[in-house]
Each structure stands twice: as structure tokens, then as C-alpha cells.
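Encoded as C-alpha cells, the structure appears first; notes follow it.
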Amino acid sequence: MAEVTPRITAPYLEQFSHNIVRITGKVRQLRGEQATIDAAGSITVHLTRDSHLQLNHAVELIGKVQQDLSVRVLTATDLGPEGSIDFAAIDAIVDATHRYHEIFYNKGEQ
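In numbering that gives the first Met the number 0, the protein residues as written are 0 to 109.
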């Protein structure tokens with residue numbers, strides 16, 4: 000069975016510590032092998048060599064939440080300039096994912 004990757008934003012990081020998640024956010028800072036993204040709050044991400052992020056672009060990440068609540072990136076997809084993404088819709092999807100978690104993921108398996 001495929002790994003479940005619930006969609007989260009920064010407020011959900013602690014709830015998903017040590018789990019693989021999916022995050023859509025805005026790239027705010029790049030520092031070598033680290034970046035900061037805004038996904039309803041600031042998240043530090045640890046990049047791979049294959050991560051090609053650009054400032055002020057939207058990005059979708061799949062990664063593992065670390066103990067310090069940073070995210071180790073497994074895959075990153077550049078979604079283009081952040082103005083082309085409706086982040087209110089993304090927030091609504093994340094909210095629905097957790098409000099109706101039984102449809103999207105099993106809380107006991109996270």
C-alpha cells in the first residue's frame with residue numbers, strides 16, 4: 000500500500016512529528032541546503048540536491064517532520080510564482096483533511 004501523506008501547514012507540524020507529510024507553501028528564504036517556507040506559518044526545510052526552489056515561488060513538498068519540527072524534504076515540486084496559487088483554497092483543503100481525517104488518513108497510523 001502507498002504511504003499516506005496528509006496535507007499539513009505549520010500549525011500541524013507537532014501533531015505529525017516523525018511522519019511523512021505533504022506541504023504547499025511559499026518559498027521565503029534559501030540558505031544553502033536549507034530553506035524557509037510559509038505555510039500558514041514558517042517552516043524550516045532541509046533540501047536535497049534535487050530540490051530546485053526559487054524565492055517567491057509556490058512549492059509542494061513531501062517530507063518527513065523531524066523532532067525539531069523542521070522537515071527533511073524527500074521531493075519538491077516548484078508550482079511557479081506564488082501569485083498563481085490560491086493559498087486560501089490550500090488552507091481549506093488542509094482544514095478539510097483534518098476535520099474529516101477518516102477519509103484522508105487514519106490517526107492511529109500516523
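C-beta: ideal position from N, C-alpha, C; glycine also. Keep in mind that this is a model prediction, so the values were computed, not measured.
Open item on the list: Can you give me the C-alpha to C-alpha distance between ALA91 and HIS56, rounded to a whole angstrom?
Closed with: 20 Å
TODO: Determine the contact status of PRO64 and VAL44, defining contact as a CB-CB distance below 8 Å.
DONE: The sequence given here places Val at residue 64; Pro does not occur at that position. No; because the gap between Cβ atoms is not below 8 Å, this pair is not in contact.
Task: the region 82-98 contacting the region 28-36, beta-carbon criterion three pairs below 8 Å - done: no
Open item on the list: Assuming the contact rule is C-beta atoms closer than 8 Å, GLU59 and LEU78 should be a hit. Round their C-beta distance to whole Å, please.
Closed with: 6 Å
Task: Outcome for ARG98 when other beta-carbon atoms lying within 10 angstroms are tallied against a minimum of 16 - done: exposed
TODO: Can you tell me the Cβ-Cβ gap for THR74 and ARG6, rounded? I've got them flagged as a contact below 8 Å.
DONE: Their Cβ separation, rounded to whole angstroms, is 14 Å, which puts THR74 and ARG6 out of contact at 8 Å.
Open item on the list: Between which residues of its own chain and ALA39 is the CB-CB distance below 7 Å, once the five residues before and five after are set aside?
Closed with: THR8, ALA9, PRO10 and ASP90
TODO: Check whether the Cβ atoms of LEU68 and LEU29 lie closer than 8 Å to each other.
DONE: no
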